[in-house]
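Worksheet: one structure, shown below.
Residue numbers (the working numbering): 3 to 84.
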């Protein structure tokens, strides 16, 4: 699984890194750091309760969202030809 994740992060144009109760925080933090090191743009997705603990991660992200709908809106905006 780690090899698969590494390859996908290296190949992607943009990544969404999700933090939350159901997701392993240290894995998500590592993936966000790996994206930052690669120069791969990423968006973080997490509950508002995690804003303070993830402030450095969010600062490295191009955007952060609190819902999947916000992710869709961000990607739609980025991909629009305006």
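Beta carbons: idealized from backbone N, C-alpha and C, even for Gly.
For clarity, every value in this text was computed on a predicted model and none was experimentally measured.
Short Cβ contact (8 Å threshold) for residue i with residue j
i          : j          : result
residue 46 : residue 34 : yes
residue 36 : residue 11 : yes
Same chain, Cβ closer than 7 Å to residue i, neighbours up to 5 away in sequence not counted
i          : result
residue 59 : 31, 34, 46
residue 27 : 21
residue 56 : 21, 46, 48
Cα-Cα separation, residue i to residue j
i          : j          : result
residue 70 : residue 14 : 19 Å
residue 79 : residue 40 : 24 Å
residue 7  : residue 43 : 15 Å
residue 5  : residue 16 : 18 Å
Neighbourhood of residue i by C-beta, 8 Å cutoff - its chain only, sequence neighbours within 5 removed
i          : result
residue 76 : 45, 65, 67
residue 73 : 18, 45, 47, 67
Environment of residue i [buried if 16+ CB atoms lie within 10 Å]
i          : result
residue 63 : buried
Close Cβ partners of residue i (< 6 Å) along its chain, the five nearest in sequence each way excluded
i          : result
residue 50 : 68
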